[in-house]
Structures are given as C-alpha cells and as structure tokens.
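Here is the structure we will look at.
Number of protein chains: 2
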Amino acid sequence: MNTTDKPLVLVVDDEPAQRALLSYNLKAAGFRVSTANDGEEAMLAIAEDTPDVILLDWMLPRLSGLEACRQIKASAGGRQSAVIMVSARSEEADRVRGLETGADDYIVKPYSVAELIARVKANLRRVRPAAAGAVLEAGDIRLDTESYRVTRAGEALHLGPTEFRLLAALMERQGKVWTREALLDRVWGRDIYIDTRTVDVHVGRLRKALCTHGGADPIRTVRGAGYAMD
Amino acid sequence: MNTTDKPLVLVVDDEPAQRALLSYNLKAAGFRVSTANDGEEAMLAIAEDTPDVILLDWMLPRLSGLEACRQIKASAGGRQSAVIMVSARSEEADRVRGLETGADDYIVKPYSVAELIARVKANLRRVRPAAAGAVLEAGDIRLDTESYRVTRAGEALHLGPTEFRLLAALMERQGKVWTREALLDRVWGRDIYIDTRTVDVHVGRLRKALCTHGGADPIRTVRGAGYAMD
DNA sequence: GGCGCCTGTCACCTTACTGTCACATCCCGG
DNA sequence: CCGGGATGTGACAGTAAGGTGACAGGCGCC
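Okay, structure coming up:
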C-alpha cells in the first residue's frame, strides 16, 4: 500500500483517449494517477507502487480484464487495492462474473464523472479510511485528513508530517494494537528500512504534542506488542 | 502451517555460500531456517514442515525457479506460504512472469540484508496474521487478541505478555488439558529451554490476576497432567 | 549561506517482566 | 497416619522493553 498523502489510482485501459480522460478527472479530484495499457503493465505498476484503487477496463488486449482482475487479487500488492471493473456491458451476468473474480465494485459505461469519482472515493474509504478525506475522531481528538488539522478539545495542535500520519494510523483502527513493524509499513512506507525503535521516539513526540494543552495520554503501550489508541 | 512462535523460512538456492549467508542473516533476525538445493528438495522440505515464507532463487538446476514456484503454489502446503522470488535479472518482463506464476513478492540482486529481512517480515505479516479469532470468551472472561485487552465481568485486567499468551492458549481450547510441555511449546516457543516448573509459576500469576476483582479460579489443575480452563 | 524545522539514531535510565529457587502445602497410595 | 511426589507461592536478581533527552544530518526557506 502506498503511504503518501494523496491516494493513488491506477487506470488500466487500452484506449489512450479514455486513459487521458480518466487521468484528468481523477487528478482534478486530488488523486495521484498511474496508467497501464493492459493487464501486464498493470501488474508492473502494482509492483512498482501499490495503488489504493484500480480502475480496470473490461476489454483489454492480451490479458482480459477478468483475468487481470484475478491476477491482481492473487498478487501480494493487488490484494490490498480496491478493484473497480469498468465495462460497456451492462448485462447482469458480467457483473456477477466480475464480482466473483474478486472485483470490489462495478461501474458501467456511460457513467458521469461525478459518479466515477464518488465510486472511487467510496472504495477508497473502505480500503484506506484515512485517505478519503474523512475526519477521524477519538475521544476529544479530531483529525482532518483533508485540511491536515488536528485538534484536541478544540485546541489546535501542531504535528509534523510523520506524527500526523502516525496519529492517523492509530486513529483509523481505534483499540487495535499496531506492531512497530506494521506502523513502519503504514506510516513510513514499505520500502523504507528504519530501526523499529524510531517508532518509539515518534510515539513519544506524538504523546507530548497531544498533551500540550493537558489531558490524559491517549496512546496505550502494549508491552511486547506495540501501540494502540483508545 | 507451522505453529510455533518463530516463523519458518525456507531458502532455496543452489549455491551453498548463498544459502549460508541467507541462513545466517535470517537466523540472526529471529527466524527458523530450512534450506533446499533445488526445486525438488524444496518440495520435500515443504512437505516436511510448511514454511511461512519461501525465498526462491530464480536460477536453479533441474527445476527452474519459475517452474518450482508454480509447483509450490499448486501444492497443498505451498499455497499457504508466501513466495519471494530472488533474482539477478532486473528486467521487468521477468518480474511480471514471476508474479504471474504466483510469487507473492520479488526481490532483485543486489539487495541489502535489511531489505531482505523487511520483505520477509512484510510477507509474513500478510501470510500469518497475529491470530485468527479476534475475541475469545470463556465464562465471564473476555480476551481480545487484536486490542490485547482482557476483561473479567467487565473489569479490565492487566496481564504481562506471557500471561496473556498463556491465557489465550488455555481459552483457545476450553476444557482441554494442556501438559506443561505443550504449554511451553505453545506459549514460549518450540526450541526454548525452560524449566517446566516455570509454567506453574505463570499459571499462579495468571490466577492471581484473574481473581483481582473477585471470582472463582477458572483454571483447573489436573494432577499429574497439566492445566485446563473451564 | 544561515536558519529553523523535522527526522532518525543513539545512549542512558527506569521499570516491568521473567525464570529460578526454596520452602510450604497438598494429594494419594500404602 | 505417613511418606513421597506433585503443586502453590513469595522472594529475588537478571534482563529485556520502553521512555526520553541529546545530537547531527537533511531539507526547504528566507
């Protein structure tokens, strides 16, 4: 899963015009976009940087959309992405086959751009709750992923980028314990190799920041396991 | 799938030096390691004790890495392992072919040891999530493996890591009598050398913790056999 | 170039946890 | 009622895990 702030959408379509159109609209909606011509290129793109959402055209050369979907869902990275099949066929049978293959959603041409964006966001929320521009809340702490603002009991807090993403991760799954390794993956990124103790340091900094205006420490340390937010 | 605490990594490489190097580093990182010379030995090793992660060299005698990967993924045990292809070839095409064959990840020589370990851990997390069932219940005791929380009659209890795992083991199979040896295996790990009396001590501590807010002792001592939870 | 902010690492400290021992207690066969 | 093996448990020292201040490098911004 990519860990930058903007969600990444992969567009898989063999028509350049269609790719350009989708790219333009998705970028305008604040997403990063990568493109692929066919199923094989798609697998490459996924290995390169795992997208959050994949828009997959039904009709593809070489590797059909259906088969591409199966492979994506069978791969390590692709399993973490939401796959939306895009098709001109409106038949129910195809829809069923698409979903059976592991597609998460289905959208039929012709569609409005608004509908497309809405679908992407909906799936994004499911796959990566914090990235969809949601406001996360936990107790008296509010974190707005769109405006990058964090408040506690109404008081604004200043966090660095890393602390921000760390807090977002913790709040995304309240109560759940994150191991240091999982946090490194989620906050720092999959291909970054960093000492796990660094997580401790950042948790410490985050704690200090969260308590600047008083209030109890909201982060729970689980000895031998990791950290959790309550 | 093996069930001890230490994950098992199978290294498949025809160069003894390479095997030794990988083994050393993986063991240093806390993994158990088995090795295989080629694809056929790999299949044997998998039948012996299913590894959690398989490091598969691209170039192998007799059975190419690609073909070996296909066979592994087609076998009963191998399907449960994450396969990481290790290759000197950096060509994109190979990467695709590797992933198409069912490899879960791909790493290209030369790679740093840190990267290798990180990859192994990342795949391990995916293959073997901490625990299957999130919440265990027995009587008025609740144990949540995701949030690492234990409550009795609603009251939160504080347990150390070992006590937590011990309780989880007992609750996982209510009524079953665990021998001290089995508990040592399950809670402490397979090849850990510890006095069996230590189990008694921890059971005692666990009992005390479970009864802090009153309530009957839920752990039954079976004289001459071990312990069980009712 | 100077400055300040953010980051990752390290070293040191504190604390909780752990494994073992010694001794008390219990259970059961004889 | 007794002896011996099995279990309960308080004490204790060693250790591993986590908290934290310090520091140097990187980076963007004046």
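So the sequence lines, in the order shown, correspond to chains A and B. For what it's worth, our numbering labels the leading residue of the first sequence as 829, then goes sequentially. For what it's worth, our numbering labels the leading residue of the second sequence as 829, then goes sequentially. We put the CB at the ideal spot given by N, CA and C, even for glycine.
Taking the beta strand (DSSP E) that L883 (chain B) falls in, what are its first and last residues?
For the purposes of this step, residue 883 (chain B) is identified with residue 55 of the second sequence, where counting begins at 1. It spans V881 to D885 - the beta strand (DSSP E) in which L883 (chain B) sits, taken as one unbroken run.
Within its chain, find whatever has a CB closer than 7 Å to the CB of W1016 (chain B); leave out the 5 residues flanking it on each side and keep chain order.
Here residue 1016 (chain B) refers to the residue found at position 188 of the second sequence. Hits under 7 Å: I1022.
Using a Cβ-Cβ cutoff of less than 7 Å, which residues in the same chain neighbour Q846 (chain B) once the five nearest sequence positions on both sides are dropped?
Position 18 of the second sequence holds residue 846 (chain B). Once the five neighbours on either side are set aside, Q846 (chain B) has no close Cβ partner at all.
Reference L995 (chain B); option with closest CA among B:R1035, B:G982 and B:A962
Locating residue 995 (chain B) in the second sequence gives position 167, where the first residue counts as 1. When each option's Cα is compared against that of L995 (chain B), the closest is B:R1035.
Within 8 Å of any Cβ in chain B, is that where the Cβ of T832 (chain A) sits?
By 1-based counting over the first sequence, the position of residue 832 (chain A) is 4. Reliability of the predicted coordinates at T832 (chain A) is poor, the pLDDT of 48 falling under 50, and the value obtained from them is presented with this limitation in mind. It does not: the Cβ of T832 (chain A) has no partner Cβ on chain B nearer than 8 Å.
Which residue wins for smallest C-alpha separation from N853 (chain A), given the options A:L888, A:I935, A:S892 and A:L944?
Stepping through the first sequence from its first residue, residue 853 (chain A) is reached at position 25. Per the Cα distances, A:L944.
Say whether chain B places a C-beta atom closer than 8 Å to the C-beta of S1004 (chain A).
Walking along the first sequence from the start, residue 1004 (chain A) turns up at place 176. Looking at the sequence provided, one finds Lys at residue 1004 (chain A) rather than Ser. Closer than 8 Å to the CB of K1004 (chain A) there is at least one CB belonging to chain B.
Where DSSP assigns a beta bridge to D933 (chain B), which residues make up the other side?
Here the question's residue 933 (chain B) lines up with position 105 in the second sequence. In DSSP, D933 (chain B) forms a bridge with B:I912.
How is the beta strand (DSSP E) around G1043 (chain B) delimited, first residue to last?
Residue numbering aside, residue 1043 (chain B) sits at position 215 when the second sequence is read from its first letter. Here G1043 (chain B) belongs to no beta strand (DSSP E), and DSSP marks it neither H nor E.
Taking 7 Å as the cut-off, is the C-beta of G967 (chain B) nearer than that to any heavy atom in the ligand GTP?
The ligand GTP is not among the ligands present in this structure, which contains no ligands whatsoever.
Are any of the Cβ atoms in chain A nearer than 8 Å to that of V924 (chain B)?
On the second sequence, position 96 is the one that residue 924 (chain B) refers to. Caution applies to V924 (chain B), whose pLDDT of 49 falls short of 50 and renders its modelled position unreliable; the value that the coordinates give is listed next. Yes, contact with chain A.
Please report how far the alpha carbon of E869 (chain A) lies from the alpha carbon of V840 (chain A), in whole angstroms.
Along the first sequence, one-based indexing puts residue 869 (chain A) at 41. Along the first sequence, one-based indexing puts residue 840 (chain A) at 12. About 8 Å.
Check each candidate in A:S909, A:T973 and A:D1028 and name the one with the smallest Cα separation from A931 (chain A).
Looking up residue 931 (chain A) in the first sequence gives position 103. Nearest neighbour of A931 (chain A) by Cα position, chosen from A:S909, A:T973 and A:D1028, turns out to be A:S909.
Between the Cα of R977 (chain A) and those of A:V1027, A:E895 and A:F992, spot the shortest distance and give me the residue it belongs to.
The residue labelled residue 977 (chain A) in the question sits at position 149 within the first sequence. Nearest C-alpha to R977 (chain A): A:F992.
By DSSP's criteria, R980 (chain B) is part of a beta bridge. Which residues make up the other side?
To locate residue 980 (chain B), count along the second sequence from 1; it is residue 152. The partner list for R980 (chain B) (beta bridge, DSSP) reads B:I969 and B:E983.
C-alpha gap between T878 (chain A) and T863 (chain A), whole angstroms
Within the first sequence, residue 878 (chain A) is the residue found at index 50, counting from 1. Within the first sequence, residue 863 (chain A) is the residue found at index 35, counting from 1. Those two C-alpha atoms are separated by around 12 Å.
Which term fits Y1067 (chain B), buried or exposed, when burial requires 16 or more other beta carbons within 10 angstroms of its beta carbon?
What the structure shows of chain B is the stretch from 829 to 1058, and residue 1067 (chain B) is not part of that stretch, so it cannot be assessed.
Starting from the C-beta of L998 (chain B), find all residues in its chain whose C-beta is less than 6 Å away, skip the five residues before and the five after it, and write them out in chain order.
Sequence index remark: in the second sequence, residue 998 (chain B) carries index 170 (1-based). Around L998 (chain B): M1057.
What residue does the alpha helix (DSSP H) around R860 (chain A) start on, and which one ends it?
Sequence index remark: in the first sequence, residue 860 (chain A) carries index 32 (1-based). It is not in any alpha helix (DSSP H) - R860 (chain A) instead sits in the beta strand (DSSP E) that spans R860 to A864.
So Y826 (chain B) contacts chain A; which residues on that side make the cut at Cβ distance below 8 Å?
Past the boundaries of the shown model lies residue 826 (chain B); chain B is included only from 829 to 1058, so the question cannot be answered.
With respect to the alpha helix (DSSP H) encompassing L888 (chain B), which residues constitute its N-terminal and C-terminal limits?
Position 60 of the second sequence holds residue 888 (chain B). Looking at the DSSP string, L888 (chain B) is not in any alpha helix (DSSP H), and its letter there is neither H nor E.
Helix, strand or coil at A825 (chain B) according to DSSP, with G and I counted as helix:
The requested residue 825 (chain B) is not part of the displayed model; chain B covers only 829 to 1058.
Are there 16 or more other CB atoms within 10 angstroms of the CB of L1011 (chain B), so buried, or fewer, so exposed?
Taking the second sequence and counting its residues from 1, the one referred to as residue 1011 (chain B) is at position 183. Under this definition L1011 (chain B) is a buried residue.
Nearest-angstrom Cα separation, counted from G988 (chain B) out to L884 (chain A)
By one-based count along the first sequence, residue 884 (chain A) stands at place 56. By one-based count along the second sequence, residue 988 (chain B) stands at place 160. So the alpha carbons of these two residues sit roughly 48 Å apart.
Just checking: is the beta-carbon of V837 (chain B) within a distance shorter than 8 Å of some beta-carbon in chain A?
As a working mapping, residue 837 (chain B) is identified with position 9 in the second sequence. No, V837 (chain B) does not count as interfacial toward chain A.
Between the beta-carbon of I900 (chain A) and the beta-carbon of I882 (chain A), is there less than 8 Å?
Indexing the first sequence from 1 puts residue 900 (chain A) at position 72. Indexing the first sequence from 1 puts residue 882 (chain A) at position 54. Against a cut-off of 8 Å, the Cβ pair of I882 (chain A) and I900 (chain A) comes out as a contact.
Bridge-paired residues (DSSP) for T1007 (chain A)
For the purposes of this step, residue 1007 (chain A) is taken as residue 179 along the first sequence, with counting starting at 1. The partner list for T1007 (chain A) (beta bridge, DSSP) reads A:G1054.
A1053 (chain B) versus R1001 (chain A) - alpha carbon distance:
Counting from one through the second sequence, the residue named residue 1053 (chain B) turns up at place 225. Counting from one through the first sequence, the residue named residue 1001 (chain A) turns up at place 173. Approximately 41 Å between the Cα atoms of the pair.
Using DSSP with H/G/I as helix, E/B as strand and the rest coil, what is A958 (chain B)?
For the purposes of this step, residue 958 (chain B) is identified with residue 130 of the second sequence, where counting begins at 1. Note that A958 (chain B) scores 46 on pLDDT, short of 50, meaning its location in the model is unreliable; the coordinates nonetheless yield the value given after this. Looking at A958 (chain B) - three-state DSSP - the assignment turns out to be coil, as it is neither helix nor strand.
Would S903 (chain B) count as contacting chain A if we go by Cβ distances under 8 Å?
Translated into the one-based positions of the second sequence, residue 903 (chain B) becomes position 75. No - not a single Cβ of chain A is within 8 Å of the one on S903 (chain B).
R1001 (chain A) in three-state terms, based on DSSP:
Residue mapping note: residue 1001 (chain A) aligns to position 173 of the first sequence, counting from 1. R1001 (chain A) falls in the coil class under three-state DSSP.
Can you give the beta carbon distance from S1061 (chain B) to K1004 (chain A), rounded, assuming they're within the 8 Å contact cut?
Lying outside 829 to 1058, the shown extent of chain B, residue 1061 (chain B) is not represented and no answer is given.
According to DSSP, T1049 (chain B) sits in a beta bridge with which residue or residues?
For this step, residue 1049 (chain B) is matched to residue 221 along the second sequence. Bridge partners of T1049 (chain B): B:Y1055.
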